[in-house]
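Reading through the structure tokens given below for one structure.
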Amino acid sequence: MESFLEIFDIYLLEAVLNGILLGGVLALLALGLNLIFGVIDVTWICYAELIMIGMYGMYYLFSVYHLPYWVAAPLSILLVAALGALLHFLVIEPLLSSPPINQLLATGGVLFFLQSFATVAFGIEFRNVGIKLPILAVGEMNFSYARLLAFGAALVGMVAVYVFMRKTYVGTAIRAIAQDRQIMALMGVDARRIYLITSAIGGALAGLAACLLVLMYDVHPFIGLSIGPITFLICVLGGLGNFVGGFVASFLFAEIISLGGLFSDLEWGYVLAFGFFILMMFVRPAGLLARRA
Amino acid sequence: MNLGRNAIAWIVGALVLGALPFVHSDPYHLHILILILIWSFAYTSWSMMGRFGLTSLGHGGFMGIGAYVTALLWNHLGITPWLGIPVALVCAAILALVVGYPCFRFRITGHYFALVTLALSGIVLQVITATRDWTGGSLGYTPEAAKGNNLLAMQSGDKVVWYLVALVVWAFGLVVWTWVDRSMERAAMEAISEDEDAAAAAGVNVTAEKLKITVLSALMTALAGAVYCQYQMFISPDTVSGIGVSLQMVFAAVVGGLYVALGPTVGAIITILSAEMLRIGFGTKAVGWDNLIYGALLVVFIIFLPKGILGSILDRVRLRRAPAPTRPAAETVRARSASAASPP
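Chains Y and D, in that order, are what the protein sequence lines are. Heads up: the first sequence begins at 1 in our numbering, then just goes up one per residue. Heads up: the second sequence begins at 1 in our numbering, then just goes up one per residue.
Shown next, in the form of structure tokens:
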């Protein structure tokens, strides 16, 4: 009995720590989406598909064209940033004045489009970049080095976005336009330009997530369907557009998934997390950190 | 007089559609027709909510429940689908209440509502996958073939039978749609979708009205799932639940036309026929092309033709019949003058 408890505890600790690492990855996923929502007031349902394209970009640059990882990653980030700007230019901008739900549905169309595009262009095979990162063993616990890296990159990404928003002129303009989109146009801020820049940054964050996810998962055209929903849930749970809320929600979700997965299958971890989400909708419908009106 | 014309048109339409399998009974064509009818019914069910601005991405979940609960009850407990389908419908309604109530009570609308319902289809998908010992997980699931009485098992190899069943179910969907369209419910829901606070101030019970339409829509969607399962005799999480199916419903309804009764049907005809034609024309090379086209079309439609194909055509026809209606309250004026004007 004694020894059983000991083993159990070490697994529990491992699960908790792995949950924190997973939380970092989820937080990175949620960051870009929150930025887009907070500033442009649009939900990119196809956000995870942008990540998928980024992962394919990594796969082709790294495994097919044999570029070093540190060259391939910035190129992929640029690619997805351009896609984000293009998405805004082609789809969102014509719909800016129509009901928000139409914008969401239109990006749903983009979701279909990108998914099928990947199926047609890259095939449905699972592809792996073939980077095997070592497993970090601390005591009797094992951590994936890739997750650790992702966690670090997520933190760096978030700090970078924070500094950008606080310290630069464009960042200030983005925050201002998020507060009042009518007045800022009168103040001489070109809203179209700011929206495009924001979309590109959102895309770049998706690209960054792609560069890290590609180390952990195989790429296939439907991977967006498995990472997309959870990203949206985190953003809603944290309050759409609320960065800190999204951050907290990521870690909450990750812990639930990780601990739930410890006691049962991984899917049940997800089921628990989704259930928790719906429960929280009763308690805090406007997000975890929302002030109650 | 107008009513009389309409009634005649409906009766003739029903007779033609009902007599079709006895005149032309090519099994492949019937199969396509059955699929179109079942999916039309599902899309119509979605549009019952969708037309009032309640954009649900969780209907894949309701459909999955309809299909899986029916099949699981039959395989594991031997409960006939005649009882299993009502049980499945009740399950879907309970789920709709559990998710809908907090959403409506706490004014979760627009994006938020879409994303919360997205969680719903996610949950159903994950539960089906996680309970793979019973449901077969992502590999799919087949209701056991009936050993004795086919009728009791609600199974049939005869496509004509299924065609008639699907036709009745589809017509039922249209009847419910029209019934809602003519009821006070519609006025209340339209007021709510315009401005919730104003509607509430005018004495509309916002939460109750929304719940009613949501439960109705969920019930019908679950029924569509159950009928689909009994007809195809194979279901998998990808074909009847999850975000893919939910988006497919949205797509077809939007393309066909959200605000007219036959809009979702037109959407189903377009999507299923084009998918079939691509499949026949290009074989396995076509994998992915259909969705590629749908995706692009969905974007184009929402930008340029948000009322959908049928909706826009009907608008044109009405405008031609009643030239230059006065701008304010154009909708009601148009409808009235359309019924008053004697057709040439």
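Glycine residues also receive a C-beta, built at the ideal position from the N, C-alpha and C atoms.
(request) Using the Cα positions of S258(Y) and V300(D), report the straight-line distance between them to the nearest angstrom. (result) Within the first sequence, residue 258(Y) is the residue found at index 258, counting from 1. Within the second sequence, residue 300(D) is the residue found at index 300, counting from 1. Computed Cα separation, rounded: 41 Å.
(request) For M52(Y), go through chain D and note every residue whose CB falls closer than 7 Å to its CB, in chain order. (result) Stepping through the first sequence from its first residue, residue 52(Y) is reached at position 52. Within chain D, no residue comes near M52(Y); the closest Cβ sits about 14 Å away, beyond 7 Å.
(request) Below 7 Å CB to CB, which residues in the same chain sit around Y228(D) once its five sequence neighbours on both sides are set aside? (result) To locate residue 228(D), count along the second sequence from 1; it is residue 228. Within the same chain, I38, A67, V240 come within 7 Å of Y228(D) by CB-CB distance, once the 5 residues on both sides are set aside.
(request) Identify the contact partners of C103(D) in chain Y, using a Cβ-Cβ distance below 9 Å as the criterion. (result) In the second sequence, residue 103(D) corresponds to position 103, counting from 1. The contacting residues are M281, P285.
(message) Between which residues of its own chain and D290(D) is the CB-CB distance below 6 Å, once the five residues before and five after are set aside?
(response) What you label residue 290(D) is simply residue 290 of the second sequence in a count that begins at 1. Contacts found: A275, L278.
(request) Look up M58(Y) in the DSSP assignment and say whether it is helix, strand or coil. (result) By 1-based counting over the first sequence, the position of residue 58(Y) is 58. Of the three classes helix, strand and coil, the one that applies to M58(Y) here is helix, per DSSP.
(message) Distance cutoff 8 Å, beta carbons only. Does Y68(D) sit that close to anything in chain Y?
(response) For this step, residue 68(D) is matched to residue 68 along the second sequence. By this cut-off, Y68(D) is not an interface position.
(request) Please compile the residues from chain D whose C-beta is within a distance smaller than 7 Å of the C-beta of V91(Y). (result) For the purposes of this step, residue 91(Y) is taken as the residue at position 91 of the first sequence. Under the 7 Å cutoff, chain D gives V299.
(request) Alpha carbon to alpha carbon, how far is Q155(D) from G260(Y)? Give it in angstroms, no decimals. (result) Here the question's residue 260(Y) lines up with position 260 in the first sequence. Here the question's residue 155(D) lines up with position 155 in the second sequence. Whole-angstrom Cα-Cα distance: 39 Å.
(message) Whole angstroms are fine: how far does the CA of G224(Y) sit from the CA of V16(Y)?
(response) Here residue 16(Y) corresponds to residue number 16 of the first sequence, with the count starting at 1. Here residue 224(Y) corresponds to residue number 224 of the first sequence, with the count starting at 1. Cα-Cα distance, rounded: 26 Å.
(message) For a minimum of 4 consecutive residues, which ranges assigned as the alpha helix (DSSP H) are wholly contained in the segment 70–142 of chain Y?
(response) Entirely contained in the segment 70–142 of chain Y, the alpha helix (DSSP H) runs reaching 4 residues are, in chain order, 100–122.
(request) Tell me whether I234(Y) is buried or exposed, calling it buried when 16 or more other Cβ atoms sit within 10 Å of its Cβ. (result) To locate residue 234(Y), count along the first sequence from 1; it is residue 234. Answer is buried; the Cβ neighbour count reaches 16.
(message) Just to confirm, is the Cβ distance from M305(Y) to E14(Y) under 8 Å?
(response) Residue 305(Y) falls outside the range modelled here, since chain Y spans only 1 to 293, and no answer is possible.
(request) Could you tell me if A268(D) is buried or exposed, where buried requires 16 or more neighbouring beta carbons within 10 angstroms of its beta carbon? (result) In the second sequence, residue 268(D) corresponds to position 268, counting from 1. So A268(D) ends up on the buried side.
(message) Does V90(D) come out as helix, strand or coil in the three-state DSSP assignment?
(response) Taking the first residue of the second sequence as 1, we reach residue 90(D) at position 90. Helix, per DSSP.
(message) Quick check: I11(D) and G275(Y), are their CB atoms within less than 8 Å of each other?
(response) Walking along the second sequence from the start, residue 11(D) turns up at place 11. Walking along the first sequence from the start, residue 275(Y) turns up at place 275. No, they are not a contact pair.
(request) Express the C-alpha separation of G287(Y) and I272(D) in angstroms, rounding to a whole number. (result) Your numbering for residue 272(D) matches position 272 in the second sequence. Your numbering for residue 287(Y) matches position 287 in the first sequence. If I take the Cα positions, the gap works out to 39 Å.
(request) For S121(D), count neighbouring C-beta atoms within 10 Å of its own C-beta (all shown protein chains included) and say buried if the count is 16 or more, exposed if not. (result) Residue mapping note: residue 121(D) aligns to position 121 of the second sequence, counting from 1. Buried, since its Cβ has 16 or more Cβ neighbours within 10 Å.
(message) Quick check on DSSP: helix, strand or coil for I235(D)?
(response) As a first step, residue 235(D) must be located in the second sequence, where it is residue number 235. DSSP places I235(D) in strand when its eight states are reduced to three.
(message) Assess contact between the segment 291–298 of chain D and the segment 55–69 of chain D, defined as three or more Cβ pairs (one per stretch) separated by less than 8 Å. Is contact present?
(response) no
(message) Rounded to whole angstroms, what is the Cα-Cα separation between V110(Y) and W44(Y)?
(response) The residue given as residue 110(Y) occupies position 110 in the first sequence. The residue given as residue 44(Y) occupies position 44 in the first sequence. Each residue's Cα considered, the two are about 9 Å apart.
(message) Can you give me the C-alpha to C-alpha distance between P237(D) and L90(Y), rounded to a whole angstrom?
(response) What you label residue 237(D) is simply residue 237 of the second sequence in a count that begins at 1. What you label residue 90(Y) is simply residue 90 of the first sequence in a count that begins at 1. Between P237(D) and L90(Y), the C-alpha separation is close to 33 Å.
(request) Run through the segment 83–140 of chain D for me and flag every whole alpha helix (DSSP H) of 4 or more residues, listed as ranges in chain order. (result) 110–130, 132–135
(request) Quick one: give me the first and last residue of the alpha helix (DSSP H) that F222(Y) is part of. (result) Walking along the first sequence from the start, residue 222(Y) turns up at place 222. Segment: none, F222(Y) is in no alpha helix (DSSP H) and carries neither H nor E.
(request) Could you spell out where the alpha helix (DSSP H) holding A275(D) opens and where it closes? (result) The count along the second sequence starts at 1 and reaches residue 275(D) at position 275. 263–282 is the span of the alpha helix (DSSP H), which, as asked, contains A275(D).
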